[in-house]
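When you read off a place in the sequence shown, starting at 1, and then add 76, the result is the number in the working numbering.
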Amino acid sequence: MAEHVPPGTWTGYDRGSRGYRRVLLALLCAGVATFAQLYSVQGVLPLMAADLRIDAARASLGVSAATFGLAVGVLPWSVVSDRWGRLRTMVMAVVAATAFGLVMPFAPTFESVVALRFVEGVALGGIPAVAMAYLAEELDRRHAAVAAGTYVAGTSLGGLAGRIIAAPVGDAFGWRTGTVTVSVLAALAAVVFVLIAPRQRGFVRQTVRLTGPSGLLRRLGANLADRGLLVLYLQGFLLMGGFVAIYNYLGFHLGEEPFGVSQTVVSLLFLAYLSGTWSSGTAGRLAAAHGRRSVLVSSGVVMLAGLLATLVPSIPVIVAGLLLFTAGFFAAHAVASGWVPVRSRTGKAQASSLYTLFYYGGSSVLGTAGGVFYTAGGWSGAVAFVAALVVVAVLLVLVALRDPERA
């Protein structure tokens with residue numbers, strides 16, 4: 077997959093070039109293929125809970141198992157990519173994940189669904205673990221923030237497609253049919269990714285060692301020792317955990333009084349993801365102009381404002397709040413994830429993988445923990461829990477993160 081270029085001579089595709097456009101379009105498709113599968117189950121959680129006779133917190137394991145698998149998989153995938161190349165790694169990952177995604181809906185029991193979702197998540201980890209490193213190596217550094225925003229826009233489109241297709245199809249034909257429909261869509265996006273992704277030109281193969289001066293443990297330790305990177309990792313953990321918690325239990329909340337709406341109607345609220353598609357690209361441009369730190373803080377404030385609006389018992393106000401909350405989250409994610417490989421001085425793939433590990437670790441742990449607060453205190457309990465996570469994330473940026481690059 078890799079085209080030989082003498083180390084240090086490739087400066088990356090310039091913005092507007094054919095290679096630049098192909099890289100972005102390919103990763104857009106990879107984001108759709110990955111996140112449509114990852115979150116299709118979230119759109120049918122109440123249907124799954126009713127069919128399998130389980131409560132909301134247990135049903136959320138259908139989402140958390142996949143995100144936990146993804147968190148487990150990112151570091152091994154990053155090591156594979158150092159040896160085999162970023163593009164080849166992503167191709168292997170997306171093909172394997174699509175195969176598991178097509179099998180999962182036919183699992184006979186909830187336990188087997190959870191097991192297959194975990195394995196599917198491990199396979200899916202090869203895309204987010206490597207995508208930002210691939211962008212950093214193949215595109216001109218000046219355009220990294222904008223390109224990262226475009227990739228995150230693809231992830232938001234994938235998450236939207238997974239939910240908004242699975243829910244109405246599931247309402248009509250059952251949750252299994254809803255999720256398999258999404259897997260077919262993801263397979264088509266994966267094919268486009270494989271066909272249009274350009275050959276690597278910036279990748280330099282690395283010898284993979286566990287110990288030693290350039291070993292895996294040294295690279296991981298160096299990235300974790302960087303206070304700024306650690307704050308960025310915690311952004312992913314806290315904000316993603318809160319984001320998944322809100323979307324996990326929103327369907328249950330709106331299915332109760334005084335709303336009592338169907339899952340097909342609830343699925344329309346996932347159109348709020350379109351605000352994330354817009355905000356992630358916009359955040360990249362704002363970060364390039366005004367600095368990442370200020371955009372990251374502003375994004376957290378927007379999340380908090382939108383979150384508090386969902387407490388109002390009015391569907392139009394809840395929709396408006398969800399739009400703000402989603403836009404703020406994807407803007408924060410685009411800035412934080414794109415900043416990681418730029419800030420890292422060693423082991424860029426491992427730096428990005430650590431962000432992904434924290435990000436999906438938050439999704440698994442905090443996304444499920446939100447169910448405890450929802451069960452105990454209803455929607456206001458879940459909102460209070462997530463609001464606390466967002467406040468901590470913003471304070472960490474204000475106290476411990478600086479933005480000297482203004483890029």
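Note that CB positions come from ideal geometry on N, CA and C, so glycine has one too.
Use the C-beta contact count for His-569: other C-beta atoms within 10 angstroms, 16 or more gives buried, fewer gives exposed.
-> The requested residue 569 is not part of the displayed model; the chain covers only 77 to 483.
Tyr-96 bridges to which residues according to DSSP?
-> Partner(s): none; Tyr-96 has no beta bridge.
Grouping DSSP H, G and I as helix and E and B as strand, with all else coil, what is Leu-128?
-> helix
How should Leu-271 be labelled, buried or exposed, when 16 other C-beta atoms within 10 angstroms of its C-beta is the threshold for buried?
-> exposed
Does the distance from the C-beta atom of Phe-269 to that of Ala-106 stay below 7 angstroms?
-> yes
Rounded to whole angstroms, how far is the Cβ of Ile-203 from the Cβ of Val-179, which I believe are closer than 8 angstroms?
-> Wrong, their Cβ atoms sit about 19 angstroms apart, outside the cutoff.
For the alpha helix (DSSP H) containing Tyr-210, list its first residue and its last residue.
-> 204 to 214
Pull up the DSSP beta-bridge partners for Tyr-227, would you.
-> The partner list for Tyr-227 (beta bridge, DSSP) is empty, contrary to what the question assumes.
Apart from the five residues just before and just after Val-53, which ones in its own chain have a Cβ nearer than 8 angstroms to its Cβ?
-> With the chain running from 77 to 483 in the structure shown, residue 53 is simply not present.
Cα-Cα separation, Tyr-89 to Tyr-96 | 5 angstroms
Could you tell me which residues DSSP pairs with Tyr-89 in its beta bridges?
-> Leu-215
Within this structure, are the beta carbons of Leu-372 and Val-418 separated by less than 7 angstroms?
-> no
Which ranges would you report for the alpha helix (DSSP H) in the stretch 302 to 356 if only whole runs of at least 4 residues count?
-> 303 to 331 and 339 to 344
What do you get for Leu-264, buried or exposed, if any count of 16 or more other CB atoms within 10 angstroms of its CB means buried?
-> exposed
Coarse secondary structure for Ser-440, derived from DSSP in three states = helix
Contact between the stretch 309 to 325 and the stretch 429 to 445 (3+ Cβ pairs under 8 angstroms) | yes
Rank Val-150, Ser-375, Ala-427 and Ala-102 by C-alpha distance to the C-alpha of Phe-194 and give the top, closest one.
-> Val-150
Going by beta carbon distance, what residues of the same chain come within less than 6 angstroms of Ser-116, once the five residues before and after it are set aside?
-> Gly-238, Ala-242, Thr-255 and Val-258
Who are the near neighbours of Ala-224 in its chain, counting only those whose CB is closer than 7 angstroms to its CB and skipping five residues on each side?
-> Met-208, Leu-211, Gly-360, Ala-410, Ser-413 and Gly-414
Do you know how far the Cα of Leu-215 is from the Cα of Ala-69?
-> This structure does not reach residue 69, given that the chain is present from 77 up to 483, and the question cannot be answered.
Between the Cα of Val-342 and the Cα atoms of Val-267, Leu-330 and Leu-350, which residue gives the shortest distance?
-> Leu-330
Can you give the Cα-Cα distance for Gly-197 and Leu-399, rounded to whole angstroms?
-> 27 angstroms
When the Cα atoms are used, what is the spatial distance from Gln-276 to Arg-98?
-> 12 angstroms
Between Val-466 and Ala-205, what straight-line distance do the alpha-carbon atoms span, to the nearest angstrom?
-> 24 angstroms
Helix, strand or coil at Ser-154 [DSSP, three-state] | helix
Alpha carbon to alpha carbon, what distance is there between Leu-344 and Gly-230?
-> 19 angstroms
Using CA coordinates, which residue listed in Thr-422, Arg-369, Ser-429 and Tyr-450 is at the minimum distance from Val-470?
-> Arg-369
What number of angstroms, rounded off, separates the C-alpha of Thr-353 from the C-alpha of Leu-128?
-> 33 angstroms
Using a Cβ-Cβ cut-off of 7 angstroms (strictly less than) and excluding sequence neighbours within five positions of Phe-346, which residues of its own chain qualify?
-> Gly-119, Leu-236, Arg-239 and Ile-240
Assigned exposure category for Arg-94 - 16 Cβ within 10 Å defines buried = exposed
Please name the residue in Ala-191, Leu-433, Ala-248 and Asp-302 whose C-alpha comes closest to that of Ser-420.
-> Asp-302
Exposed or buried, which one is Ser-154 when buried takes at least 16 other CB atoms within 10 Å?
-> buried
State yes or no: is the C-beta of Gln-113 within less than 7 angstroms of the C-beta of Gly-177?
-> yes
Buried or exposed by the 16-neighbour rule on C-beta atoms within 10 Å, applied to Phe-401 | buried
Length of the line joining the Cα atoms of Ala-407 and Trp-160 | 31 angstroms
Extent of the continuous alpha helix (DSSP H) to which Phe-406 belongs = 391 to 419
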